[in-house]
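J.: Dropping the structure in here first, questions after.
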Amino acid sequence: YPMLALRIDHVGKGIPTRFVHRYIRQASVWLHARGMRTLAALTSAGAPLASALAFDSSVISAPFADMNLEQAKAISASMSISSASGQPDEERILQLALPETCDIEDIISSVASRNTLRTGDVFMLPLQDTGIEIAEGQDVEIKLLSPAAGKLLHFNIK
2 YPMLALRIDH VGKGIPTRFV HRYIRQASVW LHARGMRTLA ALTSAGAPLA SALAFDSSVI
62 SAPFADMNLE QAKAISASMS ISSASGQPDE ERILQLALPE TCDIEDIISS VASRNTLRTG
122 DVFMLPLQDT GIEIAEGQDV EIKLLSPAAG KLLHFNIK
């Protein structure tokens, strides 16, 4: 699942919504891996879902790019998936966008009303509600298209 990762730039607590933009100077696109078969089995058994959602290396992080909050809200990226042989299986252009109901300023302000935000803290917000299925042996590359073009991630599924 692609996620918008927003890095907090400096310490703050009790941040009003109108000042949240001052705390975001970097953003990135990260992936949150989920074990879908494990998740289905745990859900049907009524068991805790952490084993399928919060395991070691469940978040695949990319370096942050300098951008302000407005640029981060309009982020777009491309994702290409290749087979082990190097032949492209498919290429998807993802127009990643936060859901209309996602108010970043309100979320960060709400968290900061109860907690001190520290430099380097990261907020992860979903960019789409459907996952992208990848399998063993595939090569995945994610490139940032805007606001600043460049390769973010490149990894092989083992």
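Numbered according to the working numbering, the sequence shown spans residues 2 to 159.
Here a beta-carbon is modelled for each residue, glycine too, at the ideal position from N, C-alpha and C.
Alpha carbon to alpha carbon, how far is Leu-99 from Thr-117? Give it in angstroms, no decimals.
T.: Using only the alpha carbons, I get a separation of about 25 Å.
J.: Is it a yes or a no for the region 31-42 touching the region 102-111, going by three-plus beta-carbon pairs under 8 Å?
T.: No: the two stretches stay apart, fewer than three of their Cβ pairs being nearer than 8 Å.
J.: Excluding the five sequence neighbours on either side, which residues of its own chain have a C-beta within less than 6 Å of the C-beta of Ser-62, listed in chain order?
T.: Cβ within range, chain order: Trp-31.
J.: Would you report the Cα separation of Lys-74 and Val-123, rounded to the nearest angstrom?
T.: Each residue's Cα considered, the two are about 15 Å apart.
J.: For Asn-157 and Arg-8, what's the separation of their Cα atoms in angstroms?
T.: Spanning the two alpha carbons is a distance of roughly 26 Å.
J.: Please indicate yes or no: does the CB of Met-125 lie closer than 7 Å to some heavy atom of the ligand GTP?
T.: Questions concerning the ligand GTP fall outside what the structure shown contains, since it holds no ligand whatsoever.
J.: Using alpha carbons as the reference points, say which of Pro-17, Pro-64, Ile-76, Lys-159 lies closest to Lys-152.
T.: Out of Pro-17, Pro-64, Ile-76, Lys-159, Pro-64 has the C-alpha closest to the C-alpha of Lys-152.
J.: State the CB to CB distance for the pair Leu-126 and Ser-77, rounded to an integer number of angstroms; the pair is presumed to be in contact (CB under 8 Å).
T.: The Cβ separation is near 15 Å, so there is no contact.
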